[in-house]
Each structure stands twice: as C-alpha cells, then as structure tokens.
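Below is one structure; the comments refer to it alone.
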Amino acid sequence: MKLKNYLFFLSIFLATATLHAQNRKISVSVNNQPLKNVLDEIQNKSAYNIIYSDEVVTDSIRVSIQAVQEPVSEILKAILKDKRLYYVFKTNDLIVIGSVQLSAPEQLAIANPKSVSGGVVDQHEHAIPFASVALLQGGRFITGTTSTDQGKFQLNFPFVNKQAYQLKLSSVGYKQASIGFLYPDTMGLKHLVLEEDRSTLNTVTISARKQFIERRSDRYIVNVEGSPLAEGNSALEVLQKAPGIWVDSEGGIKIKGNQSVMVMINDVVQRMSESDLADYLRSLKSQDIKKIEVISSPPSEFEASGTGGIIHIVLKKSRQDGLTGTASATYKQQEHKPYMGGGLSVDYKVKNLYVFGNGAYSQDKSEYYATTFNAYPDQSTYSGKTDRYNDNDRLSYRIGMAYDLSENQVIGLQGIHTGNDLIQYFRTRVVVYRPGQDLVMGNANSDWTRKPLMNGATLNYLLRLDSLGSVIKVIGDYVHSSKTELNDFTSVYNAPDRDSRYRNNTPNVTDIYSLQADYTKKIGTRTEFKTGVKYASTKRDNTFLSEDLVDGNWITNSGTSNRFVYNERLVMGYAALEHTIQNTTVKLGLRGEETYMKGNSITADQRFSRKYFGLFPSVYILQNLDKAKRTALYFSYSRRLKRPQFSDLNPYRLHFDDYLVQTGNPDLLPEYAHKVELGYNFWEGWSVDVYYRRVENVIAQLVNPIANNVIEYQPKNFNNSTDYGVNIDAPIRFFSWWNSSNSLVFYNLQTDIDDFKINQFSFFLKSMQTISLKKLFDFDVLSMYSSPYVSANSKMGYVFYTDLGISKKILDNQLRLRFSITDIFNTAKEQDVTDYKNTRIDFYQKRPTRTFGLSLSYNFSSGKKFKNKKIEQSNEEEKSRIGN
Numbered sequence: 036m037k038l039k040n041y042l043f044f045l046s047i048f049l050a051t052a053t054l055h056a057q058n059r060k061i062s063v064s065v066n067n068q069p070l071k072n073v074l075d076e077i078q079n080k081s082a083y084n085i086i087y088s089d090e091v092v093t094d095s096i097r098v099s100i101q102a103v104q105e106p107v108s109e110i111l112k113a114i115l116k117d118k119r120l121y122y123v124f125k126t127n128d129l130i131v132i133g134s135v136q137l138s139a140p141e142q143l144a145i146a147n148p149k150s151v152s153g154g155v156v157d158q159h160e161h162a163i164p165f166a167s168v169a170l171l172q173g174g175r176f177i178t179g180t181t182s183t184d185q186g187k188f189q190l191n192f193p194f195v196n197k198q199a200y201q202l203k204l205s206s207v208g209y210k211q212a213s214i215g216f217l218y219p220d221t222m223g224l225k226h227l228v229l230e231e232d233r234s235t236l237n238t239v240t241i242s243a244r245k246q247f248i249e250r251r252s253d254r255y256i257v258n259v260e261g262s263p264l265a266e267g268n269s270a271l272e273v274l275q276k277a278p279g280i281w282v283d284s285e286g287g288i289k290i291k292g293n294q295s296v297m298v299m300i301n302d303v304v305q306r307m308s309e310s311d312l313a314d315y316l317r318s319l320k321s322q323d324i325k326k327i328e329v330i331s332s333p334p335s336e337f338e339a340s341g342t343g344g345i346i347h348i349v350l351k352k353s354r355q356d357g358l359t360g361t362a363s364a365t366y367k368q369q370e371h372k373p374y375m376g377g378g379l380s381v382d383y384k385v386k387n388l389y390v391f392g393n394g395a396y397s398q399d400k401s402e403y404y405a406t407t408f409n410a411y412p413d414q415s416t417y418s419g420k421t422d423r424y425n426d427n428d429r430l431s432y433r434i435g436m437a438y439d440l441s442e443n444q445v446i447g448l449q450g451i452h453t454g455n456d457l458i459q460y461f462r463t464r465v466v467v468y469r470p471g472q473d474l475v476m477g478n479a480n481s482d483w484t485r486k487p488l489m490n491g492a493t494l495n496y497l498l499r500l501d502s503l504g505s506v507i508k509v510i511g512d513y514v515h516s517s518k519t520e521l522n523d524f525t526s527v528y529n530a531p532d533r534d535s536r537y538r539n540n541t542p543n544v545t546d547i548y549s550l551q552a553d554y555t556k557k558i559g560t561r562t563e564f565k566t567g568v569k570y571a572s573t574k575r576d577n578t579f580l581s582e583d584l585v586d587g588n589w590i591t592n593s594g595t596s597n598r599f600v601y602n603e604r605l606v607m608g609y610a611a612l613e614h615t616i617q618n619t620t621v622k623l624g625l626r627g628e629e630t631y632m633k634g635n636s637i638t639a640d641q642r643f644s645r646k647y648f649g650l651f652p653s654v655y656i657l658q659n660l661d662k663a664k665r666t667a668l669y670f671s672y673s674r675r676l677k678r679p680q681f682s683d684l685n686p687y688r689l690h691f692d693d694y695l696v697q698t699g700n701p702d703l704l705p706e707y708a709h710k711v712e713l714g715y716n717f718w719e720g721w722s723v724d725v726y727y728r729r730v731e732n733v734i735a736q737l738v739n740p741i742a743n744n745v746i747e748y749q750p751k752n753f754n755n756s757t758d759y760g761v762n763i764d765a766p767i768r769f770f771s772w773w774n775s776s777n778s779l780v781f782y783n784l785q786t787d788i789d790d791f792k793i794n795q796f797s798f799f800l801k802s803m804q805t806i807s808l809k810k811l812f813d814f815d816v817l818s819m820y821s822s823p824y825v826s827a828n829s830k831m832g833y834v835f836y837t838d839l840g841i842s843k844k845i846l847d848n849q850l851r852l853r854f855s856i857t858d859i860f861n862t863a864k865e866q867d868v869t870d871y872k873n874t875r876i877d878f879y880q881k882r883p884t885r886t887f888g889l890s891l892s893y894n895f896s897s898g899k900k901f902k903n904k905k906i907e908q909s910n911e912e913e914k915s916r917i918g919n
C-alpha cells in the first residue's frame, strides 16, 4: 500500500513539474517578423532550447503576436497553428519544431516506430549528459532527443534499411558534431565523442577558442584560420612564420632544421620546381588557408617523395547554407617601395550544391642589395656589388563546386589559375684583380623577366560506405603550366675587349596528369585498413636559346642553346593496417613506386632513360599513458626518396653574367632516406622527440670554381649525409589573455662531398606570443633565430628577426584591422661562405625585411543554416587567440 501511495505521489509530482516546465510565462510583442527571430526571442526569455530544420522553419515565414506574461506553450500554439507547424516538448528544456505535413515515413512512425540508440562521451571518456541529438534525412529534421545523465540516447523512427541518415549533436562546452549512417549499421553511434571547446558561455552563444597548434598521432596541425597568421600574408610567409617550419631566402621549405619536404595543397601534390613553387605560394593569400598539416614521418598512404616529410596546406571551404565571403586588402611599405594586394573569397551553398571561388592580386616592388667577394688560388679576386630592383605582379584565382549526390556520395570539381609577371633588374659594379695586371672595373646589367602561367583542374569523388568512416575516394588532377623567361645581359668594362652583350630565352611548358583511388575500411572502432593506387604522368618541354649581339644583330649561340624534352611516369600502390589494443596503436604500411624516366636533348642529340622501383615501408607505434590521451610515447620509421627536379636534369648551361654559370645534370639519381623518430607528448600539448636520418645519394647544389675565375653552380649527387637531433614544442598559457607557442630544434648534419666532409651543429628557435585584451586589441610577437648551418659545401650564416602585429575587430566583429611590423630591428640578412678547391666565396644580401603594413578583412554572410537555436558556436572572437 505504501508503494502504491509513493508511486501515485511521484507521478503527480512529475506531471506537475512537467506542466510547470511547459508553462514558463514570458511577454512577446512582434508585428510581421520572421518566425526565426521570434523563436530566438522566445528561447532567450524562457531559457528553452529550441531546435528545428531550415526546411521546416523557412526564411519566408513571418508572424505577429501580442502576449503579456503568457505560457510559452500558448504562445507557440498561437504562432505555429496557421503555419501548419507544431511543437513538441522532448524534455523539460528542449522544444522541437516540426511540420504538420508529415511524410509517409513520418506517418508510419506513429504506428511502427523503430529505435536507434547510442552514447555520447567527451575526449576523456566521460559521459556527456543532456546533449542535444537531432536526426536528419536529406538535410531535413525528423526528430530529436537529449542524452540521459549517463550520456545515453534513443531515437524512435521507422528507419528503412539501406537508407542514409544523419545525427547532429551539440552540448554546452563542446564542439558540434555530425555523423552519417546507413540503417541498420549503427555501430558507429554507440560511442560518439564530442571535442571540448575552451569557451565562455553567455546567454545564447558559446565563444570557442581554436587551438593554434593541434597534436595528432602522426602530425601536428597549425590552425591558420582565426590566428594572427591569417591576415596580410602570402602562403609562403605563413609557412615562414609557422612553428617548426623553416623557409630559406630562395623559398626552399624545410622542417626540423634542414629536411626538405613535399608540399600538397588540398590532397594534390605540387609537382614543380622549388622556385616555381615559391612563386605559386606567394600568389596564395593567408585569408584562404584553413590549416597546415606538418607530417615529419608520413604513413604509406602519402607519396614517398620528400625525404624530410610532407607539408599539407588545406584551403578553406564553407559548407553552411547561404552566402559567405571575405574581402581583404593589404598595404606594406618595404623601405622605399610599396606592396599592395587585395582578395575576395566567396562560398555559396544551397541544398546539395556548394560553389566557391576566390581570387587575389598583388603588386610587389622592392630593392635588394648584395655583395660577392671571390678569392682564387692564384691570388686573384672578384668583387661585385649589386643593386636589385623587383617589380612583381601576381594574380591567382580558384573556382569550384561540390555536389552531394546523396547522403553518402559527394562529387567535386575545382579549377585554379595563376599568372605572374616578375621583373628583376640587376645593376652590378664589378672589380677584378689579377696579380701583375691592371684592375678591371665595370658595370654588369641584367634585366630578367619571367611570366609563369599555370592552369589546373581537379575532380574528386567520395563514397561513404558505412557509419564507421569507411570510404572510397577518387581524385583526378591535371595541370598545365608554361613560363616565358628572358635574361638580357650587358657588361661594360674599362677594358673594352671584355665587354659583352647577350640574352638567354628559356621558355618551358609542362603537363601533369594524375589519377588516384583510395579505399578505407573501418573494422569496428579499433581497426582500419587502407589501400590505394596512383598514376602520374609528366611531360616537360624546355627550350634554352642563347643569343649574342654581334654588329647590331642577334646571333644564336649554337654551342650553348638547347632544347630538352623530359617524360616521367609514376605507378604507385600502398596498403596500411592500423589497430588499437587498449592504449596501444600500431600502424604498419608498405608503399611501392615504379618510376619511368626519359630525357631527350634534341639539340645535342643526347638521350637517357631510367627505370627504378622502390619499396617504402613505414611503422608507427603510439602508446597512450593515461585515459585522457594527453600523455603518450610514439615511435616511427619510414623510408622515403627525393627525385631530381625536372629542370635539374636538363643538360643546359646558363650564363647569369661573366663570372657566374648555372648548369644542369642529366646524370642525377634519386636520393633515399631512412628516418627513425622517438617522441613523448605530455603536459598541455608539450612534446619532445629525437630523430636520426640517413640519406644516400644526396642531391645538393655544388658551388665549384672553374677556369677563368668563373663560379659554376650544379646539382650533384653526394655520397651520403647523416643528421640527428632533438625537437621540442612547448605551448605555454601564462594567463587567460597571454599564450605562447614555442619550438626548438637542435641537430647535427654531416655530409660527405667528394674527398672531404662537412660537419655542423645547428639549432633553430621560433617563438610566438599572443596577447588578447578583450574589447581592446590583440597583440602578437614572433621571434625566430637560426644558428649557422650547412647546405652542400656552403656554410650559411645565422638569421634572426622579430615581427609585431596588432589587431582589432569592429563592426560586430565583421571587420578586422591589422597593423604589422616585420623584422623590427632590421637584423634579417643572408650570408654564406664556400671554401672549396682553395677558392673562397663570400656572399651577402640584404632584403627590405623591415616593413610596415596595414591590412583589413571584412567577413559577410547571408543565408541559412541548420543550428541548435540555444547553443550556437560563435568562435570568431576567440579564434583570433592562440591557446593550447
């Protein structure tokens, strides 16, 4: 009897509590306002969490109501009834808006429901109570619920076999997440993980701080979007300032001190020379970059090219409904010359169609100063002082689209274009001394014009096979690039017999085709199998036309002119297996690559062909030391290669001036590297790793003195090199408003060059401080120091600089202003010394590294998106801060 009484009073209490919850009283007064705005006002005043689909509550629905202290249920009934909409209290705090026009499956749900259940946890495996769970099909909201205090949820609906559905989850303090599944395959719903947002909660929104550096099992990620790097920089400058990445004065990109890398953009390998890649990256703007992935020991699914690893640049794309975009402009004063640039990025999505486009244009004028001093074995010397004037115009744009064929199929198409007009004028004062002879003095002038042009198209297709993440991905890519290049040289000396006038015309055309297919199979939640194949074909046609001015006429120099055609085909395949046992993850991979090469120097009637096959194994082991997975040990091994650049295989001979020559080398072989790495992740994102790398057939540029005091630069294979070192990454949060990101690399490099060795210990330090004063300004300070290091048979001097940036957001955070000073103390310079065959070459160059810049970017949007109307991420403010 007591039990019956208890149950009776409990039921009365619950019913009363529920009725009370559904009858919170508020006042609303609106006249012909959008229903969405009215629902926003209701949830703000009542503290209900209201969710709906934009397919149900459209932008065109408008309502009017005058209510004074009336229950929310009555207000909703009044504004929804004549709109053929209804509301349901899913819990005491969750209201779902639906359409009275039920589809056939929805009507069937009333009589024949099926259920899907799952669980929601955080990154520490703790249950997340009262998380909002919405079920959608074809982008249309069907039903919703919240998780229990144990993180469990259940959805009732007449699910149809082999039909695709989607869950969207959100909870206060966590990032929104979504997952698709094919019913009845719901294994992936049993254990759903929401990532934490370090956030500040106000009445309606959550402001989330995006970490500047994210650590993954086999890589680290630099989140450019929202960071101080996102405004007023080129892609090359972003890499130069990003932690752990080193960009030299010529645009060469390295990681961990002195290891060359392969660069990918949106999953596509950039097959171009180092200088062409640098020019292309200068044309891309930081506003269009989402993140940069740095992979020092790439797994087998990546190409084996790049002995130092891979840098993957991921460009932005928005997938929210409606129109979004960013307009930007930048001005920099580079001592006496200006830099001006602007760009526009636009994304538009409607239902299953997503289109995007962005473009950028810049004018870059600058002046360099350089000196060269050569001392030869016969006691003669060469001294040159050069003023270099640069006038560069760069244009790039990217357009594309993606279409959701179904819930589990996506097809995309992208086109890119870059067109640059690069002009450099060199004015050199020359003094040549030979013992026992008169000084030779004069002026050497070189006008160097380059016009590189690149067009490309990428087609990709993605098929999701199940809710666990199994996919098939196909990517086809085509790139056509051409470059006209003219170097017009004139020298006038006090000894007229030394005067010269010639020009070099070196156009080239390159076509690259590639096609790849990848298959990923998830077996449960702990095992993953990957396999794939790839084919790439390259044809490059180089012409080198050398002409001398004789008696006022241009005469072809047949001894140095050359036409070279190069063909290369790559056939690649890989397989990888990853398995997790408790806290241990092991990933094993094997990649095979077959290379076919043919070179034909048509002018010299010189041909070569090569064929070689390589196996490239990779091993990765991760041991998590705590349940939160914040402390871990990891080990990796990989074998990789570096193929010669296309231009290096051309047997040309290019005279830059009377004392400097660049030559190709058709005998170049690929270099191979073995790399072992052992690391430790701990305490708030800190990491320490040690590595050892052995490279065979090292490709490097040899500086070699030859006859008549001429210095010759030629790429060559050296015997081998060995480098080992320690890498330390230390993110520090001093206060809530002050974050610091620091990276330090110590390494030793030893290279065997012909009959002698070069051994050098070096270190590299980069530190970024970010200070965010709410409602005032954001400050960032970047400092970088590189000690002297070696490259082939040259020793490079130290480099040091400090940059400062100040940012401010106005107009409801839509307009961002940024003032910057680069190299505040004007200390950055280039110095290198070469001692080889009793000849010493000293080179010094100073660029206008201290610049003063002002940039602005304006974000705009217009459209709709599915959203949880109570909890919406609004992280634009916090994404400008660096936190770990």
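Numbering-wise, the sequence shown is residues 36 to 919 according to the numbering used here. Just so it is clear, CB atoms sit at the ideal spot from N, CA and C, and this is done for glycine as well.
Which listed residue (the options) has its alpha carbon closest to that of residue i
i, options, result
"glycine 559", "Ile130, Asp220, Leu695", "Asp220"
"valine 745", "Ile876, Tyr833, Ser644", "Ile876"
"arginine 469", "Ala437, Asn79, Ser418, Arg429", "Ser418"
"phenylalanine 599", "Val711, Ala530, Asn685", "Asn685"
"asparagine 540", "Ile324, Gln189, Leu689, Lys569", "Leu689"
"isoleucine 81", "Val91, Glu105, Gly186", "Residue identity check: residue 81 is serine in the sequence provided, not isoleucine. For serine 81, the nearest C-alpha among the options comes from Glu105."
"glutamine 849", "Lys574, Asp422, Ser415, Thr359", "Thr359"
"arginine 433", "Leu457, Tyr424, Tyr528, Ile324", "Ile324"
"phenylalanine 878", "Asn783, Tyr893, Ser829, Ala863", "Ser829"
"aspartate 813", "Arg853, Val390, Ser318", "Arg853"
"threonine 463", "Arg423, Gln449, Ile280, Thr93", "Arg423"
"histidine 347", "Val151, His371, Val296", "Val296"
"arginine 429", "Ser318, Gln414, Lys352", "Ser318"
"arginine 882", "Met476, Tyr871, Tyr403, Tyr672", "Tyr403"
Limits of the unbroken beta strand (DSSP E) element including residue i
i, result
"arginine 254", "Careful: arginine 254 lies outside any beta strand (DSSP E) and carries neither H nor E."
"valine 465", "444-468"
Between the CA atoms of residue j and residue i - distance to the nearest angstrom
i, j, result
"proline 274", "valine 259", "Here the sequence assigns leucine to residue 274, which means proline is not the residue at that position. Whole-angstrom Cα-Cα distance: 10 Å."
"glycine 634", "serine 807", "56 Å"
"histidine 159", "glutamate 613", "22 Å"
"valine 606", "tyrosine 513", "16 Å"
"isoleucine 637", "asparagine 597", "7 Å"
"lysine 367", "glycine 376", "9 Å"
"lysine 565", "alanine 162", "31 Å"
"glycine 567", "leucine 350", "24 Å"
"alanine 335", "arginine 678", "In the sequence as displayed, the identity of residue 335 is serine instead of alanine. The alpha-carbon atoms of serine 335 and arginine 678 are separated by roughly 17 Å."
"leucine 204", "glutamine 211", "6 Å"
"valine 445", "tyrosine 438", "6 Å"
"valine 239", "asparagine 79", "Low confidence applies here, because valine 239 scores a pLDDT of 33, under 50, leaving its location unreliable and the question unanswered by this model."
"asparagine 409", "asparagine 762", "37 Å"
"glycine 341", "methionine 307", "13 Å"
Extent of the continuous alpha helix (DSSP H) run through residue i
i, result
"asparagine 72", "70-81"
"leucine 271", "270-276"
"alanine 313", "309-318"
"serine 108", "107-115"
For residue i, the residue or residues it bridges with in DSSP
i, result
"glutamine 866", "Tyr879"
"serine 890", "Thr365, Arg853"
"valine 509", "Tyr496, Ala552"
"valine 381", "Gly360, Gly392"
"phenylalanine 835", "Tyr820"
"isoleucine 330", "Ile345"
"arginine 604", "Ser572, Tyr631"
### Query
Which runs of the beta strand (DSSP E) fall wholly inside the stretch 723-787 and span at least 3 residues, in chain order?
Taking only runs of at least 3 residues, the beta strand (DSSP E) segments lying wholly in the stretch 723-787 are 746-770.
#### Entry: Ordered list of beta strand (DSSP E) runs contained in the stretch 687-718, each at least 3 residues
688-692, 695-698, 706-717
### Task
Within the stretch 549-588, note down every full beta strand (DSSP E) run reaching 3 residues or more, in order along the chain.
562-585
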